[in-house]
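Here the structure is laid out as structure tokens; the discussion comes afterwards.
There are 2 protein chains.
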Amino acid sequence: MPFTYEHPRAALAVDCVIFGFDEGGLKVLLIRRGLEPFQGRWALPGGFVRMEETTDQAARRELREETGLDRPFLEQLYTFSDVDRDPRERVVSVAYFALVKLSDHRVRGASDAREAAWHPVEKTPPLAFDHKKILASATARLRGKVRYQPIGFELLPPRFTLPQLQHLYEAALERPLDKRNFRKKILSFGILVELPDKEENVSNRPAQLYRFDKKAYEEKVRAGWNFEV
Amino acid sequence: MPFTYEHPRAALAVDCVIFGFDEGGLKVLLIRRGLEPFQGRWALPGGFVRMEETTDQAARRELREETGLDRPFLEQLYTFSDVDRDPRERVVSVAYFALVKLSDHRVRGASDAREAAWHPVEKTPPLAFDHKKILASATARLRGKVRYQPIGFELLPPRFTLPQLQHLYEAALERPLDKRNFRKKILSFGILVELPDKEENVSNRPAQLYRFDKKAYEEKVRAGWNFEV
DNA sequence: TCAAAAGTGTTCTTGATACACCCATGC
DNA sequence: GCATGGGTGTATCAAGAACACTTTTGA
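In the order they appear, the protein sequences are chains A and B.
Going by numbering that gives the first Met the number 0, the first residue of the first sequence is number 0, and it counts up by one from there.
Going by numbering that gives the first Met the number 0, the first residue of the second sequence is number 0, and it counts up by one from there.
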């Protein structure tokens, strides 16, 4: 129910599309709503913006509350303002786009009052509000972004293999990539460091482990490099 | 001065970065403020979002009020929410990015109470609020967008020459382009129609006039074409 | 020894870049 | 006839795409 105003104003909220990645592919973090409207439905984590914080700060706060992570990759996505997107009253929502390492993070889940879970991006349950639209917009952004910015490293654990990275790219771009060309390209960027170890406990040839060289990456960004895949 | 609320809420505004192009280069439409704060300073055209309209509709309304144009190219840019971006009270602004044909349009200018004028993008006067930041964000978007979407046609008159188009690209990308390679590339897209006429009243060889073939363009977008310059 | 996934080079094709001279017009 | 900007083609180089076999491990 709306508050009473001298002149009514829209409420301002943030919603976060939080992507993760594991063997099962791209995942998005959803919360099951405990209250009306849309009670019992899954929704993007979000909440109202406080008077003393920016929308960025609000998104970061939500993200910390839901995932416990402090410095995730986070950027503003788009502002959704359909007049009736919330049945209670006018709520304008600034959507954010976040990438987290599933390895870092265990969802708070049932310990909290709310139920939270990772869902495969390509088959989410019905969502509350206009969150289906927001999610579609976020996956489009992910697909676009992955092509020219090496954001894959935000989603993978600190030590990862090239096949893992390739699967991530294939999931984001929704098309298969040639193994040899992919390796050639990625390694040519010079932002991966080969580690002394290999994958363990696999029943096939173990893959080489790498880590992302953030320093080298930032150098090359400054030097105007282009990381188009 | 803020209204009185049970719980205070931010006000919601839109600001429009409206680009035009003529012989002098890229221009942006600015309004000189008649009221405090920032009285007398130049600012981006904008205003508050009404309860019964989306931010898109509010931006379109502002644009129509300032330029008289009805169907300009318009897209959402970014939402600016710094707590003290407006000295009066908390105002969150959704910025929009618009392209108009200067040929279509004469600024309402002094007829209105407000003074409005086109300023060269690369040397604008000091701006009110955080509008310098918004403008910088818009020019970055323009530079990025021009590379893969033929938005040049939104800024040029219905009939234009290839040298005009090239100058526009050079202004947006802030670097010179090779004439022959540019023509080859642009014509290869197959979205320009050669008109029967040539430029007039020039003291040199008159340039061929073209028009943009919107139908062909939309066909090719559907077919998955790529218009990277 | 078999199954499963990792790793490795070369060829071909395509698109990007670099570059210099003649042409049409107004004055 | 001269100054001004418009218009044209080719050769070189770099990057992207296609493609098949050998290697390492656990079972």
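Quick reminder that beta carbons are idealized off the backbone N, C-alpha and C, glycines included.
- Cβ contact annotation for Asp-196/A (same chain, cutoff 7 angstroms, sequence separation greater than five): Leu-208, in chain order.
- Neighbours of Gln-75/B in chain A, taken as residues at a C-beta separation under 8 angstroms, are given in chain order as Tyr-77 and Thr-78.
- The Cβ-Cβ distance between Phe-128/A and Asp-85/A falls below 8 angstroms.
- The CB of Glu-51/B comes closer than 8 angstroms to the CB of Val-82 in chain A, given here in chain order.
- Closer than 8 angstroms to the CB of Thr-138/B there is not a single CB belonging to chain A.
- Scanning its chain for C-beta atoms nearer than 7 angstroms, with the 5 sequence neighbours on each side dropped, one finds around Leu-194/A the residues Arg-158, Leu-208, Tyr-209 and Arg-210, in chain order.
- Against chain A, the CB of Arg-89/B has a partner CB under 8 angstroms away; the residue lies at that interface.
- Leu-62/B is not a Cβ neighbour of His-130/B, given a cutoff of 8 angstroms.
- No Cβ-Cβ contact shorter than 8 angstroms links Thr-66/B with Ile-133/B.
- Distances from the alpha-carbon of Phe-37/A to those of His-166/A, Glu-217/A and Leu-126/A put Leu-126/A closest.
- For a Cβ distance threshold of 7 angstroms, residue set Arg-8 of chain B lies close to Ala-10/A, ordered along the chain.
- Per DSSP, Gln-38/A lies in no beta strand (DSSP E) and is assigned neither H nor E.
- Bridge pairing for Pro-119/B: Lys-26/B [DSSP].
- Within 9 angstroms of the CB of Val-93/A, the CB atoms of chain B belong to Thr-78, Ser-80, Val-91 and Val-93, in sequence order along the chain.
- Within the stretch 65–115 of chain B, the complete beta strand (DSSP E) segments at least 3 residues long are 72–79 and 90–98, listed from N- to C-terminus.
- Here DSSP, grouped into helix, strand and coil, assigns Thr-160/A to strand.
- Thr-54/B has a beta carbon lying within less than 8 angstroms of a beta carbon in chain A.
- With contacts defined by Cβ atoms closer than 8 angstroms, Val-93/B and Thr-78/A form a contacting pair.
- Note on geometry: alpha-carbon atoms of Thr-160/A and Arg-89/B lie some 47 angstroms from one another.
- Beta-bridge partners of Glu-193/A (DSSP): Tyr-209/A.
- Comparing C-alpha distances from Arg-60/B to each of Asp-21/B, Tyr-95/B, Leu-176/B and Leu-155/B shows the shortest one belongs to Tyr-95/B.
- Taking C-alpha positions only, Phe-72/A is separated from Arg-221/B by approximately 32 angstroms.
- Secondary-structure assignment with DSSP links Arg-31/B through a beta bridge to Trp-41/B and Glu-114/B.
- Between Leu-167/A and Leu-154/A, the C-beta gap is smaller than 8 angstroms, which places the two residues in contact.
- The alpha-carbon of Phe-152/A is positioned some 13 angstroms away from that of Glu-217/A.
- For the options Ala-9/A, Arg-70/A, Lys-213/A and Arg-8/A, the alpha carbon positioned closest to that of Phe-188/A is the one of Lys-213/A.
- Judged by DSSP in its simplified three-state form, Leu-11/B adopts strand.
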